[in-house]
Amino acid sequence: MAFYQPHAGYGGGGKPPAGYGGGGQPPAGYGGGGQPPNMVSQQQLWDIFQRIDRDRSGAINSTELQSALSNGSWAPFNPDTVRLMMCMFDVNQMGEKGTIDFNEFQQLWRYITDWQNTFRRYDRDNSGSIDTKELSVALASFGYRLSEGFCSLLVRKFDRQGRGTVLFDDFIQACVMLQTLTAGFAQYDTHRNGWMTISYEAFLCMVFNIAINK
1 MAFYQPHAGY GGGGKPPAGY GGGGQPPAGY GGGGQPPNMV SQQQLWDIFQ
51 RIDRDRSGAI NSTELQSALS NGSWAPFNPD TVRLMMCMFD VNQMGEKGTI
101 DFNEFQQLWR YITDWQNTFR RYDRDNSGSI DTKELSVALA SFGYRLSEGF
151 CSLLVRKFDR QGRGTVLFDD FIQACVMLQT LTAGFAQYDT HRNGWMTISY
201 EAFLCMVFNI AINK
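Anchor point for the sequence shown: position 78 equals 78 in full-length UniProt numbering, and the numbering is continuous, going up by one each time.
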């Protein structure tokens with residue numbers, strides 16, 4: 001999967017973590033019943049898939065996936081993040097829409113594991129959540145040059161518990177949304193200097209396309 005490399009105007013050119021920005025590099029759960037090792041065999045993944053596939057349909061829907069994931073708190077895994085990942089990995093469209101088969105699940109497992117490792121790396125105090133300072137460090141390492149004020153705004157947007165921090169599932173959603181917005185901006189930043197000139201209708205199209213594909 002190719003990543004958009006933020007240029008000098010907004011990123012510095014650093015690389016996001018593996019699987020960042022989405023479309024096909026994979027993962028799975030900050031929990032569910034334990035913290036999965038980074039490397040699991042295909043048979044282990046198949047066993048996990050079968051446990052999640054409660055209706056034995058041969059595919060997993062968003063409800064089944066959400067019930068199998070944990071964000072490190074007692075709160076349910078963010079349903080918006082679940083839907084986002086389902087859309088990213090339901091690529092073959094062979095079965096019922098909004099479900100993933102075992103092959104897609106393997107990619108999803110690796111994707112979540114990548115994000116889990118990234119989240120832990122920047123959760124410096126091991127609190128199970130990321131505050132504004134930790135998020136700022138994480139985004140800087142991804143290549144973004146963003147103000148502390150913007151990082152604070154991002155935390156407020158994705159802080160579902162009102163504690164001034166972001167949980168694992170919300171961290172995924174925030175970073176993927178940032179990558180999507182950056183890619184949309186880059187289409188109009190023809191000089192690659194961090195500025196763009198855009199018509200009103202083009203702006204609306206960009207915003208609505210992001211909302212539709214969210």
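Just so it is clear, CB atoms sit at the ideal spot from N, CA and C, and this is done for glycine as well. Only a predicted model underlies this, so the values are computations on that prediction, with no experimental measurement involved.
Per DSSP, residue i forms a beta bridge with which residues?
i, result
"N71", "Looking at the DSSP assignment, N71 forms no beta bridge with any residue, so it has no partner."
"V166", "I130"
"T99", "N61"
Looking only at its own chain, which residues have a Cβ that is under 7 Å from the Cβ of residue i, when we skip the five neighbours before and after it?
i, result
"D80", "Q173"
"Y122", "I130, E134, V137, A138"
"C205", "none"
Contact defined as beta carbons within less than 8 Å: I believe residue i pairs with residue j. What is the distance between those atoms, to the nearest angstrom?
i, j, result
"T99", "I60", "6 Å"
"F168", "N71", "5 Å"
"I130", "V176", "Actually they do not touch by this definition, with Cβ atoms about 15 Å apart."
"M86", "S62", "5 Å"
"L178", "W109", "About 23 Å; that fails the 8 Å criterion."
To the nearest angstrom, how far is the alpha carbon of residue i from that of residue j?
i, j, result
"G21", "F203", "In this prediction, G21 scores a pLDDT of 36, lower than 50, which makes its location untrustworthy; no coordinate-derived value is stated."
"residue 272", "S199", "With the chain covering only 1 through 214, there is no way to say anything about residue 272."
"W115", "L69", "13 Å"
"M196", "V91", "32 Å"
"G194", "F158", "25 Å"
"R192", "S67", "43 Å"
"D55", "E148", "46 Å"
Return the chain-ordered list of same chain residues with a C-beta closer than 8 Å to the C-beta of residue i, the five sequence neighbours on each side being excluded.
i, result
"R160", "A75, N78, L167, D170"
"R163", "S129"
"Y188", "M196, T197, I198, A202, M206"
Give me, in chain order, the residues of the same chain whose beta-carbon lies closer than 6 Å to that of residue i; leave out the 5 immediate sequence neighbours on both sides.
i, result
"Q106", "L45"
Worksheet entry | Stretch pair the segment 142-159 + the segment 174-187: three plus CB contacts closer than 8 Å | yes
Discussion item. Three or more C-beta pairs under 8 Å: does that hold for the segment 149-156 against the segment 132-139?
Written reply: yes
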